[in-house]
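Asks: In the numbering used here, the protein residues as written are 25 to 710.
Backbone N, C-alpha and C fix where the C-beta goes; we use that ideal spot for every residue, glycine too.
Here is the structure:
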């Protein structure tokens, strides 16, 4: 009945994939990990909860990207302001990244991130910003009366702590309160309309989406994206991937030290374990130490972990019976994180530091070794980039050195300002409360124990100000990226996560103090009295990139774009791979021409209608799209279909849809759409 609907709810999903070729992938900071095709599309998923009695709203967005950057957030808020006025603002809009490491980079305004991204890449930034805004638009246009339910449970066999030696530095009395060195709990928020029709869900679970490792070149949303795909395919029956009204977000949490590579670290060259404090191998050192997932290869590992997460979410979703009710509120502040005084107790005050990265930052982790190899020769001889590099080698001030102790400083980013600051000082802290659910939007990667301390502090703040029993969840990678947040004790041993805790040893204590303040304001209904804090800068960077420019393309002699170079076989069985190679063109042409370009289709011939019907698109996890650049403006595209069990026997074909650049006159180059198709092939019964 209508009386039971507590809120107005809206859900939306929109493509945010961006360029899939030539753009470095964001996450491992490995110079040669550049996009070369597509395994699965990236989406922004938006959820709006509104109070029918007043104008209060909360927006939660989870996007299939490495992290939300300050630039993305500022541009999204600007667009929302011009469309909706003061309805959607910095306090009630939470933007979270899933933390996939296989999405395009280049959407940052701080200089450090330009190094691994090859600058600021406008097509990436635009596709992310527009995708997020579009997903919010769709949710906004489809608001319905509805109800929310929450449930929680344990996910097994899907994570390990990748810095167990750091975790062991935390006090034994604290560790003894927990059964594991990772947070295995998943929290699921279920949304239904007043008639009981299902709208969507948000799951929060702490795991790094790095089942696809740093040898991968295909854009994809990794294990949590595969979980979203499975859930949405299940609920949007008969729809193509990425279509249908049900939206399932698998959002990030305190995943700082949590890996999905459950078999642990092994030496690539000798096969022996390298589970030691240095993550180092006898031959080859740390660069040889890599963690293995549960599968035979990274594709299989991604599916295994993704399916584990999906199955637990499905079970929790189906059994969810605890209703979420109560008022909506949101609290937000901008804080200069390089200068926060933290009162540890009545007599002792400490401070955060200007940002800096320690030596172990360059060592990487067992999920991806040796970030930033500084010998890369791609930019030498360019005066602008030479000047960028030269600054990195500068000495930090004595004050910064002392503040970060015991961290040995490798990159003194907080004291570098040319051509723009290298790291953010102004950081968002934010809590969105939906009745008994408090979402802590954190600007980075909290480790397992850091997240536990933060949740506990916020819960006790709510308890002592008259709102007991709050469900407190951490949403990771929100609003601005500030790397990692370890505990003070973990910081002392300076593994990768600690070296990447950029505001120094007291970073966590500062955040705990700040989030307590937000929780108190929400509990006491005093969010309007919170000082907004110093606004973040918006740098005038339009497009500054080392990406190769898009030139005129050509097909081999006697061929044209979309012609088949290597044909499919005549027949396949399930479990086999159908593959075709075409005369191709740079996929960046398509990204820059159409926001939602689909590169491929799998089509089945229907004898009833005597026509081809699309059964899969490039968002399917069973298809792979590869682009290979040749010489003289030529390139090839290969399309693979990994034929799954249960595929209906029949006649099929693979189609390729692209755009090429053509010179029309001396001054005008145009983009021309084209397509190609394989021959028909049979799939026979197993």
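Using the beta-carbon count (16 or more within 10 Å), is residue 683 buried or exposed?
Replies: Residue 683 comes out buried.
Asks: Give every residue of the same chain whose Cβ lies closer than 6 angstroms to the Cβ of residue 276, excluding the five residues on either side of it in the sequence, and list them in chain order.
Replies: For residue 276, where only same-chain residues beyond five positions count, the Cβ hits under 6 angstroms are 122, 123, 500 and 501.
Asks: Return yes when the Cβ of residue 524 is within less than 8 angstroms of the Cβ of residue 457, no when it is not.
Replies: No; because the gap between Cβ atoms is not below 8 angstroms, this pair is not in contact.
Asks: To the nearest whole angstrom, what separates the beta carbons of residue 498 and residue 278, a pair I think is in contact under 8 angstroms?
Replies: Indeed, because the Cβ distance is near 5 angstroms, the residues count as touching under 8 angstroms.
Asks: Less than 6 angstroms between C-beta atoms, sequence neighbours within five positions excluded: which residues of the same chain meet that for residue 650?
Replies: Answer for residue 650: 61 and 662, listed in chain order.
Asks: For residue 651, which of helix, strand or coil comes out of DSSP?
Replies: DSSP places residue 651 in strand when its eight states are reduced to three.
Asks: Could you tell me whether the Cβ atoms of residue 273 and residue 171 are closer together than 8 angstroms?
Replies: Cβ distance not < 8 angstroms, so residue 273 and residue 171 don't count as in contact.
Asks: Closest to residue 543 by CA distance: which of 490, 367 and 368 is it?
Replies: For the residues 490, 367 and 368, the minimum Cα distance to residue 543 belongs to 490.
Asks: Taking the DSSP output, what are the residues bridged to residue 636?
Replies: For residue 636, which the question treats as bridged, DSSP gives the partners 629.
Asks: Should the segment 666-676 be called in touch with the segment 592-603, which here means at least 3 C-beta pairs below 8 angstroms?
Replies: The segment 666-676, when compared against the segment 592-603, does touch it at the 8 angstroms Cβ threshold.
Asks: Compare the C-alpha of residue 222 against each of 238, 169 and 236 and name the closest.
Replies: Among 238, 169 and 236, the Cα nearest to that of residue 222 belongs to 169.
Asks: Reducing DSSP to helix, strand and coil, say where residue 568 ends up.
Replies: Residue 568: strand per DSSP, three-state reduction.
Asks: Around the C-beta of residue 721, are 16 or more other C-beta atoms found within 10 angstroms, so that it is buried, or is it exposed?
Replies: As displayed, the chain neither begins before 25 nor continues past 710, which places residue 721 out of reach and without an answer.
Asks: Which runs of the alpha helix (DSSP H), 4 residues or longer, sit entirely within the segment 97-165?
Replies: Counting only runs of 4 or more, we get 136-141 and 146-165.
Asks: Assuming residue 191 contacts residue 281 (C-beta within less than 8 angstroms), just tell me the rounded distance between them.
Replies: 7 angstroms between Cβ atoms; contact.
Asks: With which residues is residue 442 paired in a DSSP beta bridge?
Replies: Looking at the DSSP assignment, residue 442 forms no beta bridge with any residue, so it has no partner.
Asks: Determine the closest residue to residue 589 out of 574, 606, 564 and 106, with distance taken between C-alpha atoms.
Replies: Here the closest residue by C-alpha is 606.
Asks: Can you tell me whether DSSP reads residue 395 as helix, strand or coil?
Replies: Residue placement at residue 395 cannot be trusted, given a pLDDT of 49 that sits under 50; the coordinates are not used to answer.
Asks: Which complete beta strand (DSSP E) runs does the segment 214-296 hold, if anything under 3 residues is left out?
Replies: Qualifying beta strand (DSSP E) stretches, in chain order: 222-228, 271-275 and 288-291.
Asks: On the premise that residue 319 lies in contact with residue 248, defined as a C-beta separation below 8 angstroms, what is that separation, rounded to the nearest angstrom?
Replies: Rounded, the Cβ-Cβ distance is 16 angstroms, inconsistent with contact.
Asks: With a 10 Å radius around its C-beta and 16 neighbouring C-beta atoms as the bar for buried, classify residue 545 as buried or exposed.
Replies: The residue is buried, with at least 16 neighbouring Cβ atoms inside 10 Å.
Asks: Please classify residue 632 as buried or exposed, where buried requires at least 16 neighbouring CB atoms within 10 angstroms.
Replies: It is exposed - the Cβ of residue 632 has fewer than 16 other Cβ atoms within 10 Å.
Asks: So, do the segment 504-523 and the segment 234-244 have three or more beta carbon pairs nearer to each other than 8 angstroms?
Replies: Touching, no, given that fewer than three Cβ pairs across the two stretches are closer than 8 angstroms.
Asks: Which two residues bound the contiguous beta strand (DSSP E) that contains residue 168?
Replies: Start and end: 168-178.
Asks: Taking the straight line between their C-alpha atoms, what separation do you get for residue 580 and residue 657?
Replies: Between residue 580 and residue 657, the C-alpha separation is close to 10 angstroms.
Asks: Can you name, in chain order, every residue of its own chain whose Cβ lies under 6 angstroms from the Cβ of residue 252, other than the five neighbours on each side?
Replies: So the list reads 272 and 274, once near-sequence residues are dropped.
Asks: Residues in its own chain within less than 7 angstroms of residue 563 by CB, not counting five upstream and five downstream?
Replies: Excluding positions up to five away in sequence, the list reads 133 and 444.
Asks: Would residue 624 and residue 646 be called neighbours here (beta carbons separated by less than 8 angstroms)?
Replies: No, they are not a contact pair.
Asks: Quick one, are the C-beta atoms of residue 165 and residue 358 less than 8 angstroms apart?
Replies: No, the pair does not count as a contact, with Cβ atoms beyond the cut-off.
Asks: With residue 610 and residue 659 assumed to form a contact (beta carbons below 8 angstroms), what rounded beta-carbon distance in angstroms separates them?
Replies: Right, the Cβ-Cβ distance comes to about 6 angstroms (below 8 angstroms), so this counts as a contact.
Asks: Please look up how many angstroms separate the CB atoms of residue 152 and residue 85, rounded, as I've assumed it's under 8 angstroms.
Replies: Residue 152 to residue 85, Cβ: 11 angstroms. No contact.
Asks: Name the DSSP beta bridge partners of residue 596, please?
Replies: Looking at the DSSP assignment, residue 596 forms a beta bridge with 707.
Asks: What is the C-beta distance between residue 671 and residue 527, in whole angstroms, given that I count them as a contact (C-beta under 8 angstroms)?
Replies: Contact flag wrong, Cβ pair sits at about 52 angstroms.
Asks: In whole angstroms, what is the alpha-carbon distance linking residue 117 and residue 468?
Replies: Rounded to whole angstroms, residue 117 to residue 468 spans 17 angstroms at the Cα level.
Asks: Less than 8 angstroms between the CB atoms is what I'm expecting for residue 364 and residue 373, so what's the real figure, rounded?
Replies: That belief does not hold up - the Cβ atoms of residue 364 and residue 373 are roughly 10 angstroms apart, past 8 angstroms.
Asks: Compute the Euclidean distance between the alpha carbons of residue 229 and residue 114, then round it to the nearest angstrom.
Replies: Their Cα atoms are separated by approximately 24 angstroms.
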